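Colleague:
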Ligand SMILES: Cc1ncc(COP(=O)(O)O)c(C=O)c1O
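Numbering (this note's numbering), first residue to last: 171 to 609.
This is the structure:
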């Protein structure tokens, strides 16, 4: 089948994620031939840079040989057996690695995607209150501009109305508080958000006895447009939560596993959450696979004779899938051996310099900000979705997959992207923007 036929059939049959399908009439879906390293190769032979790691998951790029080896070795043993009352070498080794990320997070629960992991953390927190005979603690607190996924619990604790408004009648209502946003990591607010905190604390006081958990995307809010907020704010919020025996749920689905230059972005605020959700980069985007890490205190609340009715009876068919586990284990090993947290911190400076150069040359971007292997800047005219789509289309023609979110242009490349590819990405982005100016 040639590319035109494929695109036509695709349009007849498929409904793509996060899209107004009518837009596919003018910007046809890219027909993929292969993908390797930081590149996606199209059916016409064109190579494009995956500047957003395929929705933030391809931390080690495409087709990493060691990941291929790991999954093939697992396939030779078995591909999937239910994880209820079974175990195996791969998943135990993975659990050892995951529980070494943080001092007290020593229990791992498995799911299939990020949204499901968020649902699990919300349910575990609420269920723990039932088991503790604290049914009055049923309120959730979340951050303004948050995004935690698409299932109803995850959507409820998300603040981006674009994604949730039509479903309001099936969602619950958390309290939303505003984090102290910073321009960059050298913003004084990064280390001292005391004034902002005083205002926040006043709002929070009234919910101190009725809240079960505060859910956060630590330090960076991805879907909001790579908004970075103060480490001091997060640290104060977590101390307040601890003081009032409120759980912290850290949604590290985008920020975790090296992306921000730390294994967990929570480390910037020196906090340890009660629940940590990981997905996306956990298998370097090879398979849908997610986990919720929690501590022994939570686990013990559920641990009793079956007829006491305390078990956490949450199940997903593919919970603990062996192929996903083999990929996660290999990914964590590579992040460690290739020292990719340090690499992400190096990229921070390089990505910032490249994006700043584009902002300075075009005058179309401002508020350049970077943390680890994430860099973003805002369009000076605000949000224009038609422009965003046109820019994405033109960037592909020039050789890069870029998808602005709202008023934000960003790169979130594989952690092991080469420096030359980053220079190419800068040139392509610059040229794409310059072309708009000259139209
Ligand atoms: C912070 C965060 N949480 C949760 C999710 C949802 O993950 P998934 O798309 O795998 O359900 C996302 C996805 O972008 C995310 O960025």
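Even glycine gets a Cβ: it sits at the ideal position worked out from N, Cα and C. Model, not experiment: these values are computed from the prediction.
In the DSSP output, which residue or residues are listed as bridge partners for residue 578?
Modeller: In DSSP, residue 578 forms a bridge with 548, 575.
Colleague: Where in the stretch 278-328 do unbroken runs of the beta strand (DSSP E), each at least 3 residues long, occur, reported from the N-terminal end onward?
Modeller: 309-313
Colleague: Name the DSSP beta bridge partners of residue 390, please?
Modeller: 398
Colleague: Counting Cβ pairs closer than 8 Å, one from the stretch 327-334 and one from the stretch 476-490, do we hit at least three?
Modeller: no
Colleague: Ligand 1 and residue 424: does any heavy atom of the ligand fall closer than 7 Å to the residue's C-beta?
Modeller: Within the cutoff, so yes.
Colleague: Return yes when the C-beta of residue 393 is under 7 Å from any heavy atom of ligand 1, and no when it is not.
Modeller: yes
Colleague: Any heavy atom of ligand 1 closer than 7 Å to the Cβ of residue 113?
Modeller: No information on residue 113 is available, as it lies outside the stretch 171 to 609 that the chain covers here.
Colleague: Leaving out the 5 sequence neighbours to the left and right, which residues in its chain are closer than 8 Å to residue 361 when beta-carbon positions are compared?
Modeller: 400, 401, 402
Colleague: Taking only beta-carbon atoms, is residue 416 less than 8 Å away from chain D?
Modeller: Chain labels in this structure do not include chain D; a single protein chain is all it has.
Colleague: Under 7 Å from any heavy atom of ligand 1, does the C-beta of residue 446 make it?
Modeller: no
Colleague: Going along the chain, which unbroken runs of the beta strand (DSSP E) with 3 or more residues stay wholly within the stretch 387-473?
Modeller: 417-421, 445-448, 460-464
Colleague: So, under 8 Å CB-CB, residue 352 and residue 311 are touching, yes? Tell me the CB distance rounded to an integer number of Å.
Modeller: Their Cβ separation, rounded to whole angstroms, is 21 Å, which puts residue 352 and residue 311 out of contact at 8 Å.
Colleague: Less than 8 Å between the beta carbons of residue 517 and residue 272, yes or no?
Modeller: no
Colleague: With distances taken from CA atoms, which of 464, 282, 356, 474 is nearest residue 445?
Modeller: 464
Colleague: Taking Cβ to Cβ, would you say residue 489 is nearer than 8 Å to residue 281?
Modeller: Taking C-beta atoms as the reference points, residue 489 and residue 281 count as a pair closer than 8 Å.
Colleague: Does the stretch 461-475 come into contact with the stretch 243-255, if we say contact requires no fewer than three beta-carbon pairs (one atom in each stretch) closer than 8 Å?
Modeller: no
Colleague: For residue 212, which three-state DSSP category applies?
Modeller: strand
Colleague: For ligand 1, I want to know if residue 285 counts as a neighbour, meaning its beta carbon is within less than 7 Å of at least one of the ligand's heavy atoms.
Modeller: Taking non-hydrogen atoms of ligand 1 into account, the C-beta of residue 285 is found less than 7 Å away from one of them.
Colleague: Between the Cα of residue 289 and the Cα atoms of 322, 266, 366, 269, which residue gives the shortest distance?
Modeller: It is 322 whose Cα lies nearest to the Cα of residue 289.
Colleague: Taking just the CA atoms, how far does residue 530 sit from residue 542?
Modeller: 21 Å
Colleague: Cα-Cα, which of 418, 513, 414, 305 is closest to residue 378?
Modeller: 414
Colleague: Rounded to the nearest angstrom, how far is the Cβ of residue 218 from that of residue 451, given a contact under 8 Å?
Modeller: About 21 Å separates the two Cβ atoms, so there is no contact after all.
Colleague: Starting from the C-beta of residue 278, find all residues in its chain whose C-beta is less than 7 Å away, skip the five residues before and the five after it, and write them out in chain order.
Modeller: 265, 268, 269, 461, 463
Colleague: Indicate whether residue 229 and residue 513 have their beta-carbon atoms separated by less than 8 Å.
Modeller: no
Colleague: With DSSP run on the structure shown, which of helix, strand or coil describes residue 219?
Modeller: strand
Colleague: Relative to the C-alpha of residue 283, which residue among 318, 349, 254 is closest?
Modeller: 318
Colleague: For residue 180, which residues of its own chain have a beta-carbon under 6 Å away from its beta-carbon, when the five flanking residues on both sides are left out?
Modeller: 199
Colleague: Select from 384, 341, 225, 320 the residue whose C-alpha is nearest the C-alpha of residue 574.
Modeller: 225
Colleague: Is any heavy atom in ligand 1 found nearer than 7 Å to the beta carbon of residue 320?
Modeller: A distance criterion of 7 Å places the beta-carbon of residue 320 in contact range of ligand 1, judged by its closest non-hydrogen atom.
Colleague: Please report the distance separating the alpha-carbon of residue 578 from that of residue 256.
Modeller: 45 Å
Colleague: Among 550, 344, 365, which has the Cα closest to the Cα of residue 383?
Modeller: 344
Colleague: Is residue 255 helix, strand or coil by DSSP?
Modeller: coil
Colleague: Going by DSSP, name the residue or residues bridged to residue 539.
Modeller: Looking at the DSSP assignment, residue 539 forms a beta bridge with 546.
Colleague: Identify, in the order they occur along the chain, each residue of the same chain with its Cβ nearer than 7 Å to the Cβ of residue 443, setting aside the five sequence neighbours on each side.
Modeller: 418, 419, 420, 436
Colleague: Name, in chain order, the residues that DSSP records as bridge partners for residue 206.
Modeller: 209
Colleague: Since residue 201 and residue 173 should fall inside the 8 Å C-beta cutoff, what is the C-beta to C-beta distance between them, to a whole number of angstroms?
Modeller: 5 Å
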